[in-house]
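Novice: This is the structure, below, for whatever I ask next.
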Amino acid sequence: MVRVGLAIVLAAFIAAVLGPVISPYDSSAQELSRRLEAPTLAHPFGLDELGRDILARILDGARISLMVGVAVVSVSSTLGMFFGAVAGYFGGRVDDVISRVIDVLMPFPGILLAIALVAVLGPGLTNVVLALSVIGWVGYARLVRGQALRAREFEFVQAARALGASSARIVVRHVLPTALPSVVVQATLGMAGAIIAEAALSFLGLGVQPPTPSWGSMLDAGRSHLFDAPHLTVIPGIAIALLVLGFNFLGDGLRDRIDPKTVR
Amino acid sequence: MARYLLRRLLLTVPVLLGVATLVFALIHLVPGDPAQAMLGDGASQEEIIKLRQSLGLDRPLLSQYKSFLSGVARGDLGRSFRNNAPVTAQIRERFPNTAMLALAAMLFAMLFAIPLGIVAAVYKGRVVDHAAMTLALVGISMPNFWLGPLLAILFSVQLGWLPVSGTGSLAHLVLPAVTLGAALSAILARMTRASVLEELRELYVLAARARGLSGSRAVLRHAFRNSLIPIVTIIGLQFGAVLTGTIITETIFAWPGVGRLLIQAINFRDYPLIQGCILFISVTYVAMNLLTDLTYGYLDPRIRFE
Chain P
196 MVRVGLAIVL AAFIAAVLGP VISPYDSSAQ ELSRRLEAPT LAHPFGLDEL GRDILARILD
256 GARISLMVGV AVVSVSSTLG MFFGAVAGYF GGRVDDVISR VIDVLMPFPG ILLAIALVAV
316 LGPGLTNVVL ALSVIGWVGY ARLVRGQALR AREFEFVQAA RALGASSARI VVRHVLPTAL
376 PSVVVQATLG MAGAIIAEAA LSFLGLGVQP PTPSWGSMLD AGRSHLFDAP HLTVIPGIAI
436 ALLVLGFNFL GDGLRDRIDP KTVR
Chain A
267 MARYLLRRLL LTVPVLLGVA TLVFALIHLV PGDPAQAMLG DGASQEEIIK LRQSLGLDRP
327 LLSQYKSFLS GVARGDLGRS FRNNAPVTAQ IRERFPNTAM LALAAMLFAM LFAIPLGIVA
387 AVYKGRVVDH AAMTLALVGI SMPNFWLGPL LAILFSVQLG WLPVSGTGSL AHLVLPAVTL
447 GAALSAILAR MTRASVLEEL RELYVLAARA RGLSGSRAVL RHAFRNSLIP IVTIIGLQFG
507 AVLTGTIITE TIFAWPGVGR LLIQAINFRD YPLIQGCILF ISVTYVAMNL LTDLTYGYLD
567 PRIRFE
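Heads up: the protein sequence lines correspond to chains P and A, in order.
Just so it is clear: in the first sequence, position 189 is 384 by the working numbering, and no numbers are missing.
Just so it is clear: in the second sequence, position 285 is 551 by the working numbering, and no numbers are missing.
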């Protein structure tokens with residue numbers, strides 16, 4: 196499973212980077228006379244409602260999806276590790292405050308909060324990343340807090356404290372590394388979540404704005420052409436589902452390897 | 267049970283207060299002046315000042331917060347900026363549609379996924395099992411904003427069996443309900459399979475078989491009944507996902523519910539209506555979680571004493 200996932204994810208990264216090499220067309224070049232043309236040899240994925248090459252747009256869209264995924268996962272995992280480690284390691288009042296915030300945000304439907312934030316902040320790539328990170332950190336924080344609570348009692352942590360290491364050093368050098376494997380798994384699955392959420396927001400018109408291609412907004416455009424050009428709907432959807440499946444396979448596989456207890 | 271009920275209800279208060287505060291804060295997160303943003307660039311200074319006054323934005327923050335909370339407590343969420351209708355009335359008008367859609371989706375998921383999960387468990391490792399679990403994996407990986415249009419292409423455009431969008435008949439409900447319920451079905455089928463498999467290993471099932479009960483009777487009367495608690499929990503916990511899923515599903519199928527109202531409000535920058543919809547969906551969500559917890563506590567007495 197890990198291999199299949201890894202293969203899909205690697206292929207997506209390569210496609211995103213080598214996009215211009217793979218497709219000779221510019222993703223924003225329009226050929227209005229050939230709009231909605233079905234797939235042909237010259238345009239294997241066909242043309243969209245403005246006569247743009249869908250393959251080129253899928254490749255550019257992959258870059259957007261992966262960029263959003265990497266940005267959201269980086270920001271939210273960093274914030275989550277910080278707050279989680281601080282709460283778990285120091286405990287007491289700090290832990291109370293952070294834990295209450297986690298308690299309120301954790302059960303809250305993430306996509307609703309993201310829609311609310313983007314609705315007021317305005318659409319666009321940066322605001323999408325911001326909105327998804329604001330909700331994303333909570334999962335990491337809860338995970339790391341639990342690990343930090345346990346790590347605090349480990350002998351090597353107590354030894355470090357006895358040797359006079361500062362709290363910051365203990366957290367960074369000793370506590371966080373024990374949580375890292377779980378964070379990596381969470382981050383891999385988080386990539387899938389962020390990619391779906393970005394596509395959903397763009398589908399609703401709240402994400403990446405035209406003419407920048409996003410798989411979600413491509414699907415939205417396809418909605419008006421269900422009758423005359425179904426390839427506008429089919430192709431971006433396959434791209435999203437495949438990439439999400441890839442990250443899910445990779446995440447699940449990594450988790451099974453790191454923690455054999457969860458193997459079903 | 268009474269103590270558990272009271273404690274659980276009290277725990278909900280800070281969550282509700284947090285949600286209300288968050289929703290209140292939304293309008294203050296608008297970059298620049300919300301009144302200016304709502305009216306657009308062509309608005310005169312006078313119009314902007316008037317809107318600021320009617321939204322209460324000219325008053326101190328604390329006083330705004332107090333009147334917002336007291337309004338929420340009275341069920342007064344202000345008036346829509348676009349048509350001046352009370353926000354509560356608009357939500358009340360749309361909510362039955364959303365509720366119908368969500369319930370239909372959950373019903374579809376249960377009727378489809380639970381039998382599928384049971385069959386997969388009974389025929390573990392056989393073709394049926396693999397087919398069912400592959401279907402479930404596909405269901406989980408397919409975002410509803412793709413599944414919806416795909417179903418519309420197949421059943422409306424190609425086969426002409428069902429209407430593409432709108433309301434009016436039971437046929438209109440089918441595609442939105444299946445789209446919304448697909449992810450839940452996938453999760454539920456996997457959960458049912460795992461849960462029934464676990465029970466099938468128990469000795470009481472073997473005993474039932476030894477007493478001469480037929481295979482299907484042993485499964486349905488004994489194993490399945492005992493595996494119901496985790497299944498009920500999953501259904502309750504997944505309600506939130508179904509509820510937020512209505513936002514996208516209603517947009518795809520032009521279904522006149524609260525989710526579509528929210529997206530329309532966003533497009534018009536109708537901030538009071540946006541706040542109202544978000545608050546309403548969140549509170550419904552919290553209430554459903556509470557209900558799930560209480561049901562769970564009722565079904566499994568151990569929970570109450572934790």
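Idealized CB from N, CA, C, for every residue including glycine.
I'd like the span of the alpha helix (DSSP H) that includes A/Met-457, first residue to last.
Specialist: Run containing A/Met-457: 436–466, per the alpha helix (DSSP H) assignment.
Novice: Check each candidate in A/Val-423, A/Leu-401, A/His-294 and A/Leu-556 and name the one with the smallest Cα separation from A/Leu-382.
Specialist: Nearest option by C-alpha distance: A/Leu-401.
Novice: Hey, is A/Thr-510's beta-carbon within less than 8 Å of any beta-carbon in chain P?
Specialist: By this cut-off, A/Thr-510 is an interface position.
Novice: P/Ala-346 versus chain A: which residues are under 7 Å apart at the beta carbon?
Specialist: Here the premise fails: no neighbours, minimum Cβ distance about 25 Å.
Novice: How big is the Cα-Cα spacing for A/Ala-387 and A/Arg-273?
Specialist: Roughly 38 Å between the two C-alpha positions.
Novice: Let me check understanding here. Comparing Cα to Cα, which of P/Ala-233, P/Val-263, P/Ser-294 and P/Pro-234 lies closest to P/Ala-211?
Specialist: Nearest option by C-alpha distance: P/Val-263.
Novice: Looking only at DSSP bridge pairs, what is P/Asp-248 linked to?
Specialist: Beta-bridge pairing links P/Asp-248 to P/Leu-242.
Novice: Could you tell me whether the region 348–368 of chain P touches the region 253–272 of chain P, where touching means 3 or more Cβ pairs closer than 8 Å?
Specialist: No: the two stretches stay apart, fewer than three of their Cβ pairs being nearer than 8 Å.
Novice: Would you kindly report the start and end of the unbroken alpha helix (DSSP H) that includes P/Trp-332?
Specialist: Taken as a continuous stretch (DSSP letters only), the alpha helix (DSSP H) holding P/Trp-332 covers 320–346.
Novice: Return the Cβ separation of A/Ile-547 and P/Leu-307 in integer angstroms, given the expectation that the two are a contact with Cβ distance under 8 Å.
Specialist: Yes, A/Ile-547 and P/Leu-307 are in contact; Cβ-Cβ is about 6 Å, under 8 Å.
Novice: Cα separation between A/Val-524 and A/Pro-409?
Specialist: Their backbone Cα atoms lie some 20 Å apart in a straight line.
Novice: Report the residues of the region 400–414 of chain A with a CB closer than 7 Å to any CB of chain P, ordered along the chain.
Specialist: If the cut-off is 7 Å between Cβ atoms, the region 400–414 of chain A has Ser-407, Met-408, Pro-409, Phe-411 and Trp-412 near chain P.
Novice: Which residues in the same chain have their Cβ closer than 7 Å to the Cβ of P/Leu-445, if we skip the five residues on either side of it in sequence?
Specialist: Only Val-197, Gly-200, Leu-201, Val-204 and Thr-383 meet the Cβ criterion.
Novice: Using alpha carbons as the reference points, say which of A/Val-552, A/Asp-566 and A/Tyr-564 lies closest to P/Asp-298.
Specialist: It is A/Val-552.
Novice: Could you pull the start and end residues of the alpha helix (DSSP H) that P/Asp-291 belongs to?
Specialist: Start and end: 287–300.
Novice: Give the secondary structure of A/Pro-352 by DSSP, where H, G and I count as helix, E and B as strand, and everything else as coil.
Specialist: It is a strand residue.
Novice: Give a yes or no on whether the minimum CB-CB distance between P/Ile-293 and chain A is below 8 Å.
Specialist: No, its Cβ sits nowhere closer than 8 Å to a Cβ of chain A.
Novice: Does the distance from the C-beta atom of A/Phe-573 to that of A/Asp-536 stay below 8 Å?
Specialist: Shown here, chain A extends from 267 to 572; a query on residue 573 of chain A therefore has no answer.
Novice: Please tell me whether P/Thr-373 and P/Gln-342 are closer than 8 Å, where the distance is taken between their beta carbons.
Specialist: Closer than 8 Å, so yes.
Novice: Over the uninterrupted alpha helix (DSSP H) stretch that includes A/Trp-262, give me the two end residues.
Specialist: What is shown of chain A runs 267 to 572, which leaves residue 262 of chain A out entirely.
Novice: What is the DSSP secondary structure of A/Arg-345, reduced to helix, strand or coil?
Specialist: It is a strand residue.
Novice: Hey, does A/Leu-292 have any beta-carbon neighbour from chain P nearer than 8 Å?
Specialist: Yes, contact with chain P.
Novice: Grouping DSSP H, G and I as helix and E and B as strand, with all else coil, what is P/Glu-226?
Specialist: Residue state, collapsed to three classes: coil.
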